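**Student:** Sending over a structure as structure tokens; questions will come in a sec.
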Amino acid sequence: SRECQVGDWKAHKPFCRAVTSKASKVMRFNEQSVHDFIKNNYITILEEIVKVSSATGKKKGELLLELDFFDSSKNGRGAPALQTPPKFKIADSKGYFEGSRPNEPDWFYKHIDRKCYEGNVPMFVRGLKDTYNRLTDSHLLVLVRPPDNQGFGVYRMQLQSSTTKNHMFSQQTIDAATKAIEDEDFDPLTSLFGEGSDDTRRLRRALGGPPDEASLDAVRAMLNMNFGGSF
């Protein structure tokens, strides 16, 4: 914007270039990298979605995953999303683009030049709101700051079960995980992903549940074969 060009251009340049149409490629963080992060950290993200959903009463479709891959620290401790364990945020999506936007991250030079901030942040708000309005039940809304701090990315991310093709972020999956985590009732997850499937075993194990009957039957059969018992 002209306001930034006549203001503190050196400080604003990384952001302002990113929010122009000419810099659309800079604005787009590698979507596959984001997908891989979510896949590798699915259980942790799932648990946080359940936690926030239960605390706020918000459905999964009303929540946003915020990922920060930029290391803004002065001690080199690394980007929040790349720490061990990774740090991320699950929050009410509308808090990023409605009203006073209480959930808006401090990524946009808000405290350096208010006039420039107000001239450029509307693109962030429009992009986020538009993506939110195009979500389906299988999507998770994701906001990303890339490693080079060049703009931001907004994505509708999906994960599917490798066996049943169920959507891992559907409300049905979130509800089943909620029953498992809060009530120690793993039957909905087992019904959804199938008795004895790899996904069922992985989810039950990761969420602290006992093995399903199919897994127990396999152990019993092995013991019977090796020891001639009748377990």
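FYI, the working numbering numbers position 165 of the sequence shown as 156, with every residue one higher than the one before it. Don't be surprised by glycine CBs; every beta carbon is placed ideally from N, CA and C. No experiment lies behind these values; they were computed from the predicted model shown.
Starting from the C-beta of E53, find all residues in its chain whose C-beta is less than 8 Å away, skip the five residues before and the five after it, and write them out in chain order.
**Tutor:** Residue numbering aside, residue 53 sits at position 62 when the sequence shown is read from its first letter. These residues qualify, in order along the chain: D83, S84 and K85.
**Student:** Under the DSSP definition of a beta bridge, which residues are partnered with A82?
**Tutor:** Counting from one through the sequence shown, the residue named residue 82 turns up at place 91. Answer is L55, bridged to A82.
**Student:** List in chain order: all unbroken alpha helix (DSSP H) runs of 4+ residues lying wholly within the segment 94 to 131.
**Tutor:** Here the runs fully enclosed are 105 to 124.
**Student:** Can you round the beta-carbon distance between D189 and S153 to whole angstroms, since I take them to be within the 8 Å contact cut?
**Tutor:** Indexing the sequence shown from 1 puts residue 189 at position 198. Indexing the sequence shown from 1 puts residue 153 at position 162. About 7 Å separates the two Cβ atoms, so the contact holds.
**Student:** Could you tell me the alpha carbon to alpha carbon distance between R68 and L37, rounded to whole angstroms?
**Tutor:** As a working mapping, residue 68 is identified with position 77 in the sequence shown. As a working mapping, residue 37 is identified with position 46 in the sequence shown. So the alpha carbons of these two residues sit roughly 25 Å apart.
**Student:** My guess is that L58 and F79 are in contact by the Cβ rule of under 8 Å, so how many angstroms apart are they, rounded?
**Tutor:** Against the sequence shown, residue 58 aligns to sequence position 67. Against the sequence shown, residue 79 aligns to sequence position 88. Indeed, because the Cβ distance is near 5 Å, the residues count as touching under 8 Å.
**Student:** Taking the DSSP output, what are the residues bridged to H158?
**Tutor:** Counting from one through the sequence shown, the residue named residue 158 turns up at place 167. Q151.
**Student:** Just to confirm my understanding: we take G118, look at its own chain, exclude 5 residues before and 5 after, and list those with CB closer than 6 Å. What are they?
**Tutor:** Translated into positions along the sequence shown, residue 118 becomes position 127. Contacts found: V145.
**Student:** Applying the criterion that 16 or more other CB atoms from any shown protein chain within 10 Å of the CB defines a buried residue, is A46 buried or exposed?
**Tutor:** Translated into the one-based positions of the sequence shown, residue 46 becomes position 55. Per the 10 Å Cβ criterion, exposed.
**Student:** Roughly how many angstroms lie between the CA atoms of R147 and T164, to the nearest whole one?
**Tutor:** To locate residue 147, count along the sequence shown from 1; it is residue 156. To locate residue 164, count along the sequence shown from 1; it is residue 173. When rounded, the distance between both Cα atoms is 17 Å.
**Student:** Which residues bound the alpha helix (DSSP H) around Y33?
**Tutor:** Counted from its first residue, the sequence shown places residue 33 at position 42. Y33 to T47 is the extent of the alpha helix (DSSP H) around Y33.
**Student:** What are the partner residues of G144, as DSSP defines its beta bridges?
**Tutor:** What you label residue 144 is simply residue 153 of the sequence shown in a count that begins at 1. According to DSSP, G144 bridges with V135.
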